[in-house]
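Protein chains in written order, with the working numbering: chain A, 50 to 329; chain B, 50 to 329. Ideal Cβ positions, reconstructed from N, Cα and C, are used throughout, including at glycine. If you're wondering where the values come from, they're calculated on a predicted model, not measured in any experiment.
There are 2 protein chains.
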Amino acid sequence: MKVIDSVKITQNACFDFRKKGLTVGFVPTMGALHEGHLSLIRQSIRDNDKTVVSIFVNPKQFGKNEDLSYYPRPINKDLYLCRKAGVDIVFSPCLKDMYAKDFRTKVSVEELGDSLCGEVRPGHFIGVATVVVKLFNIVGPDIAYFGQKDAQQAAVIKQLIKDLDFSVKLKVMPIVRENDGLALSSRNVYLNKQQRKDALILSQSLELAKGLVKNGTSSTKNIVGLIKKNINSVSSAKIDYVEIVQKDSLIPLKRVNNNAMLLLAVWIGKTRLIDNAILN
Amino acid sequence: MKVIDSVKITQNACFDFRKKGLTVGFVPTMGALHEGHLSLIRQSIRDNDKTVVSIFVNPKQFGKNEDLSYYPRPINKDLYLCRKAGVDIVFSPCLKDMYAKDFRTKVSVEELGDSLCGEVRPGHFIGVATVVVKLFNIVGPDIAYFGQKDAQQAAVIKQLIKDLDFSVKLKVMPIVRENDGLALSSRNVYLNKQQRKDALILSQSLELAKGLVKNGTSSTKNIVGLIKKNINSVSSAKIDYVEIVQKDSLIPLKRVNNNAMLLLAVWIGKTRLIDNAILN
């Protein structure tokens with residue numbers, strides 16, 4: 050496994066793969082790898098001749114008062130996990146090589162990036178879209194792997210690939226959960242013992258909503274109302290948003306249909322967690 | 050020469066070129082080809098195994114009250130010129146294939162795209178940057194050719210290539226002029242006989258400024274003042290802007306240096322013309 054910190058050297062190495070007719074799978078990450086990331090990496094290794102993983106905590110997708118400075122960066126453990134999984138290249142660039150002093154370009158996906166997480170994290174999806182365009186241009190993958198946990202991110206990237214004519218196939222992989230239901234996230238390490246228990250309210254709420262739909266409730270207003278009540282029963286929980294939207298377009302729905310997706314963002318203490326599920 | 054209107058087919062054809070190890074040169078145009086465009090096309094044919102020319106009047110780079118509806122579209126003549134020059138593929142997409150109904154993505158190059166032409170044509174360079182990213186992703190060129198006449202556009206594209214890590218080399222080719230000095234432009238066809246004469250005030254002003262610098266004037270304020278006076282002596286001329294800036298960064302200068310560039314935008318009747326020159 051090669052670990053490369055240079056944009057140019059990674060670009061040339063990936064160019065050589067394609068020149069040889071090898072297919073390239075790409076898993077962009079911010080590191081602090083968990084089983085969710087590893088499920089993407091393993092799928093990429095199954096699908097492609099070569100797999101490239103990027104590890105880059107992208108400052109442009111963090112807001113001013115967010116957790117950029119203390120976001121976990123266990124680089125040695127990450128490299129060990131990548132090596133063990135069979136990754137070919139880990140691209141781990143330094144900040145200056147990604148964003149020169151005179152960096153000026155922004156990629157935005159209107160509407161899709163403005164609601165939900167984009168509303169409480171303004172500029173977040175511009176940061177995501179911009180770095181993903183850069184990474185696609187550096188790696189030139191055949192297939193890129195993203196996690197369903199970041200559902201809005203997946204929708205933004207899907208639109209961006211289509212709009213900008215990237216010849217990249219997108220594979221969005223299912224959410225990986227702890228045995229008790231908590232969706233894996235690099236931010237789960239922030240939770241103390243009590244908060245870790247309280248955090249179950251997210252996945253429990255998804256199950257509750259699925260149950261309501263199964264039993265015939267289709268008014269999204271009613272479902273959201275019950276879910277909010279359920280979350281508010283946990284004292285350490287503070288709701289950021291609870292919304293039922295159309296998958297991909299993220300348009301809010303009045304009635305649950307086959308592609309209705311419940312999206313949650315909830316603060317547990319000082320940790321903001323997200324989760325989602327298709328309801329039908 | 051192949052004329053292709055489909056994004057996917059063009060993308061596949063260009064992919065096949067690269068797969069065979071052939072180099073691809075790319076000349077993006079809005080058609081109405083003149084000797085300026087042809088100088089880019091000929092350079093591309095000299096430099097590369099294959100040359101792709103796009104002909105697409107991009108609505109996203111026109112303002113509401115601009116000349117989108119009557120911009121010249123002499124497609125048969127354009128195809129004839131491309132064929133005669135030895136172009137391999139003309140990519141001439143229809144609007145729907147470039148911009149689906151749910152198109153949502155914007156690429157912006159901050160600051161560089163906001164001053165000069167960007168100030169009087171808000172959104173213009175977002176339209177340019179967005180379509181160029183699309184075209185680069187469709188064609189995947191080794192070298193892309195742009196004209197120096199659109200100096201600000203060239204600066205925006207240069208920054209975009211660098212910021213977004215496109216592995217595309219940019220070649221900016223010199224302005225081609227009529228014998229009497231008028232810079233070639235597809236918009237010159239709008240000029241009547243008298244306006245055609247009046248339009249010489251642009252290139253004459255550039256020569257005047259060069260002469261002033263040669264004779265020791267270095268205050269850009271003084272030069273701009275004299276140039277404005279000169280242009281205003283022509284009754285059909287209305288100044289849009291006259292500015293002396295640093296090449297590439299487009300930062301306004303107080304004193305002329307080695308990379309000082311004079312940029313002009315002048316209305317001659319209802320036709321907006323631009324021209325520029327390095328002063329030293």
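Residue i: first and last residue of the uninterrupted beta strand (DSSP E) it sits in
i: Asp-324 (chain A); result: 320–327
i: Tyr-194 (chain A); result: 192–196
i: Gly-74 (chain B); result: 73–78
i: Lys-287 (chain B); result: 286–295
i: Ser-103 (chain B); result: 99–104
i: Lys-51 (chain B); result: 51–53
Length of the line joining the Cα atoms of residue i and residue j
i: Leu-249 (chain B); j: Val-305 (chain B); result: 24 angstroms
i: Ile-224 (chain B); j: Leu-255 (chain B); result: 13 angstroms
i: Glu-84 (chain B); j: Gly-167 (chain B); result: 26 angstroms
i: Asn-61 (chain A); j: Leu-161 (chain B); result: 29 angstroms
i: Leu-219 (chain A); j: Leu-82 (chain B); result: 38 angstroms
i: Lys-155 (chain B); j: Pro-190 (chain B); result: 21 angstroms
i: Asp-137 (chain B); j: Phe-185 (chain B); result: 17 angstroms
i: Leu-209 (chain B); j: Glu-292 (chain A); result: 36 angstroms
i: Leu-213 (chain A); j: Ile-300 (chain B); result: 30 angstroms
i: Tyr-290 (chain B); j: Glu-159 (chain B); result: 20 angstroms
i: Gly-112 (chain A); j: Val-177 (chain A); result: 12 angstroms
i: Ser-252 (chain B); j: Asp-54 (chain A); result: 48 angstroms
i: Asn-264 (chain B); j: Ile-276 (chain B); result: 15 angstroms
i: Phe-174 (chain A); j: Arg-226 (chain B); result: 45 angstroms
i: Ala-204 (chain B); j: Lys-296 (chain B); result: 8 angstroms
i: Leu-165 (chain B); j: Ala-200 (chain B); result: 11 angstroms
i: Leu-257 (chain B); j: Lys-183 (chain B); result: 40 angstroms
i: Ser-347 (chain B); j: Leu-302 (chain B); result: Only positions 50 to 329 of chain B appear in the structure, and residue 347 (chain B) is not among them; the question remains open.
i: Arg-153 (chain B); j: Ser-216 (chain A); result: 18 angstroms
i: Gly-230 (chain B); j: Asn-237 (chain B); result: 13 angstroms
i: Ala-134 (chain B); j: Lys-69 (chain A); result: 33 angstroms
i: Leu-117 (chain B); j: Arg-95 (chain B); result: 33 angstroms
i: Ser-141 (chain A); j: Pro-171 (chain A); result: 26 angstroms
i: Asn-97 (chain B); j: Leu-71 (chain B); result: 8 angstroms
i: Ala-286 (chain A); j: Ser-93 (chain A); result: 36 angstroms
i: Arg-67 (chain A); j: Lys-126 (chain B); result: 38 angstroms
i: Ser-234 (chain A); j: Tyr-194 (chain A); result: 16 angstroms
i: Val-188 (chain A); j: Met-147 (chain A); result: 13 angstroms
For residue i, the three-state DSSP class (helix, strand or coil)
i: Ile-300 (chain B); result: coil
i: Ala-314 (chain B); result: strand
i: Val-182 (chain A); result: helix
i: Ser-157 (chain B); result: strand
i: Phe-174 (chain B); result: helix
i: Ala-81 (chain B); result: coil
i: Ala-309 (chain A); result: strand
i: Ala-149 (chain A); result: coil
i: Lys-109 (chain A); result: helix
i: Ser-88 (chain A); result: helix
i: Asp-96 (chain A); result: helix
i: Leu-117 (chain A); result: coil
i: Leu-144 (chain A); result: helix
i: Asp-214 (chain A); result: coil
Residue interval of the alpha helix (DSSP H) (run including residue i)
i: Phe-66 (chain A); result: 56–68
i: Val-169 (chain B); result: 165–169
i: Val-273 (chain B); result: 269–281
i: Val-139 (chain B); result: First-last for Val-139 (chain B): 138–140, but that is the beta strand (DSSP E), not the alpha helix (DSSP H).
i: Cys-131 (chain A); result: 124–134
i: Asp-199 (chain B); result: Note, Asp-199 (chain B): premise wrong, no alpha helix (DSSP H); not H, not E.
Anticipated Cβ contact below 8 angstroms, residue i with residue j, distance rounded
i: Leu-328 (chain A); j: Leu-311 (chain A); result: 6 angstroms
i: Ile-317 (chain B); j: Gln-197 (chain B); result: At roughly 21 angstroms, the Cβ-Cβ gap does not stay under 8 angstroms, so Ile-317 (chain B) and Gln-197 (chain B) are not in contact.
i: Val-106 (chain B); j: Ile-90 (chain B); result: No, Val-106 (chain B) and Ile-90 (chain B) are not in contact; Cβ-Cβ is about 18 angstroms, not under 8 angstroms.
i: Val-102 (chain A); j: Val-139 (chain A); result: 5 angstroms
i: Lys-259 (chain B); j: Ala-326 (chain B); result: 7 angstroms
i: Ile-272 (chain A); j: Asn-281 (chain A); result: So it is not a contact: roughly 15 angstroms between Cβ atoms.
i: Arg-132 (chain B); j: Met-79 (chain B); result: Not quite, the Cβ-Cβ distance comes to about 19 angstroms (not below 8 angstroms), so this is no contact.
i: Leu-46 (chain B); j: Leu-130 (chain B); result: Coverage of chain B is limited to positions 50 through 329, which leaves residue 46 (chain B) absent and any answer about it impossible.
Inset, instruction - Taking only runs that begin and end inside the region 218–265 of chain B, name each unbroken beta strand (DSSP E) of 3 or more residues, in chain order. - result: 218–222
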